[in-house]
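In the UniProt record's numbering, the protein residues as written are 1 to 472. Backbone N, C-alpha and C fix where the C-beta goes; we use that ideal spot for every residue, glycine too. Some notes on the structure that comes next.
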């Protein structure tokens with residue numbers, strides 16, 4: 001513990017945003033990093049708790065007090081080594097993770113948790129700027145060939161771990177570039193894509209081979225994939241969106257969020273849109289249905305495209321401004337969360353159920369809505385109409401897409417439609433076929449995907465080699 005009284009002497013200070021009026025004019029990141037001195041001071045606030053609840057609050061079990069202490073003492077390189085021992089991609093989580101570790105910080109009992117996410121991001125960004133992060137090719141090769149289907153955070157983590165264990169890791173990605181939802185779902189203003197390219201270059205130097213434009217189950221059969229590899233890791237994500245089957249759903253202008261967001265990301269990167277139907281919010285009244293992170297991303301993107309208005313609808317009741325710490329801590333609490341996109345110009349409505357999409361000449365023009373109580377029962381006389389030129393459905397994802405690969409493999413699914421596999425062996429109902437990330441656990445966080453990819457790699461390595469020296 002670097003500074004015993006740090007948490008008593010120093011207030012929490014986190015990164016700030018550039019003004020909304022400026023940042024909505026571009027798609028670049030707008031978070032202002034803390035200075036090295038301020039980051040060091042923030043690290044000194046860590047109490048080195050006897051029971052560090054942040055370890056379990058973090059899905060990858062980052063050794064947070066350890067690297068906080070190293071940052072306080074100025075040993076950034078050892079802090080980076082410690083951070084990388086549990087997390088392959090802290091530059092991703094340091095930008096897009098909701099930081100459940102901070103919710104479980106002991107200082108959060110007083111609304112002053114250590115700025116763990118900010119310190120994490122500062123460590124890895126400094127590691128890259130100093131040239132400390134280099135490829136780590138294996139010292140020996142095993143001769144085993146492993147296929148990883150999907151290049152999202154779970155697939156990337158699994159591939160990197162397996163390559164470092166000496167296996168030939170082959171990543172099959174249906175899109176033109178690696179990253180999955182990191183690249184095509186999360187907007188550039190939250191995480192710029194050169195960060196993914198930088199990691200992919202490191203992984204290629206470590207021996208990972210990427211096969212782009214290969215849709216397994218369409219371009220390459222499951223039988224061919226299994227025959228050509230010693231093991232197969234399914235890390236394709238949960239891409240089946242939750243629909244809203246109400247009257248008028250067929251109207252033009254009603255789209256899934258994941259039809260809208262990837263288009264803008266492709267525009268920013270200069271990739272072809274892969275569709276003849278561009279979806280743009282420019283000059284439109286936009287309704288976003290769904291109150292989660294994807295909905296927030298739709299808001300920020302719509303504002304940058306020049307929407308006339310953006311309204312977000314959430315069927316659940318408005319959460320409390322603050323949680324009851326004695327009831328929720330150290331678990332992730334339910335409370336009202338306001339993202340940077342919400343502050344850029346949008347309104348939010350809670351306890352709203354959409355009854356109908358109304359249109360003219362086949363194009364959506366309005367939503368007919370009704371307010372509901374805490375039991376999801378409609379409140380009499382509460383119907384109202386909202387003007388809408390573009391409706392974005394951001395109500396989450398229900399499961400992996402079953403058509404194609406999953407149907408061809410014939411693997412068992414759980415009650416939610418995800419591939420059935422436990423969290424120790426990660427093996428599906430078929431021999432040498434493994435599953436991890438959202439494809440196994442369902443829609444979740446980037447940090448959970450990284451954890452699953454790492455642990456799945458450990459399980460695959462142990463099965464192929466009899467034991468594994470990879471960290472879980």
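Coarse secondary structure for residue i, derived from DSSP in three states
i           : result
residue 314 : strand
residue 443 : coil
residue 458 : helix
residue 227 : helix
residue 476 : In the structure as shown, the chain begins at 1 and stops at 472. Residue 476 is therefore absent and cannot be evaluated.
residue 386 : strand
residue 298 : helix
residue 43  : helix
residue 347 : strand
residue 280 : coil
residue 427 : strand
residue 73  : coil
residue 411 : coil
residue 218 : coil
residue 419 : strand
residue 191 : coil
Where residue i falls, given that 16 or more other Cβ within 10 Å makes a residue buried
i           : result
residue 316 : exposed
residue 86  : buried
residue 314 : buried
residue 381 : exposed
residue 473 : Here the chain comprises residues numbered 1 to 472, so residue 473 is not present and cannot be evaluated.
residue 289 : buried
residue 224 : exposed
residue 376 : exposed
residue 32  : exposed
residue 305 : buried
residue 438 : buried
residue 320 : exposed
residue 129 : exposed
residue 28  : exposed
residue 285 : buried
residue 229 : buried
residue 335 : exposed
residue 415 : exposed
residue 449 : buried
residue 91  : buried
residue 237 : buried
residue 213 : exposed
residue 51  : exposed
residue 423 : exposed
residue 394 : buried
residue 443 : buried
residue 263 : buried
residue 453 : buried
Close Cβ partners of residue i (< 7 Å) along its chain, the five nearest in sequence each way excluded
i           : result
residue 132 : 77, 80
residue 473 : Given a span of 1 to 472 for the chain in the structure shown, any question on residue 473 remains unanswerable.
residue 470 : 161, 165, 457, 458, 461
residue 271 : 176
residue 61  : 55, 86
Beta-carbon contacts of residue i that lie in its chain and below 6 Å, excluding the five residues immediately before and after
i           : result
residue 138 : 164, 166
residue 104 : 53, 54, 57, 330
residue 481 : There is simply no residue 481 to check, as the chain begins at 1 and stops at 472 in what is shown.
residue 43  : 68, 71, 72, 119
residue 121 : 94
residue 45  : 6, 7, 10, 114
residue 100 : 57, 332
Per DSSP, the bridge partner or partners of residue i
i           : result
residue 10  : According to DSSP, residue 10 bridges with nothing at all.
residue 168 : 145
residue 173 : 212
residue 241 : 397
residue 252 : 363
residue 368 : 356, 385
residue 17  : 31
residue 378 : 372
residue 123 : In the DSSP output, where bridge partners are listed per residue, residue 123 has none listed.
residue 309 : 285
residue 128 : Partner(s): none; residue 128 has no beta bridge.
residue 434 : 233, 427
residue 391 : 254, 287
Same chain only: Cβ atoms within 8 Å of residue i, ignoring 5 sequence neighbours per side
i           : result
residue 231 : 144, 146, 147, 432, 433, 434, 460, 463, 464
residue 97  : 117, 445, 446, 447
residue 37  : none
residue 82  : 63, 66, 67, 70
residue 362 : 251, 252
Residue i beta carbon near the ligand COA (any heavy atom closer than 6 Å)
i           : result
residue 269 : Ligands are entirely absent from the displayed structure, and the ligand COA is therefore not among its contents.
**Request:** Check whether the segment 183-194 touches the segment 156-163, counting contact only when three or more Cβ pairs, one atom from each stretch, lie closer than 8 Å.
**Result:** no
**Prompt:** Taking three-plus beta-carbon pairs below 8 Å as touching, is the segment 277-297 in contact with the segment 251-266?
**Reply:** yes
**Request:** Evaluate the contact criterion for the segment 167-178 versus the segment 204-219: three or more CB pairs, one atom per stretch, below 8 Å.
**Result:** yes
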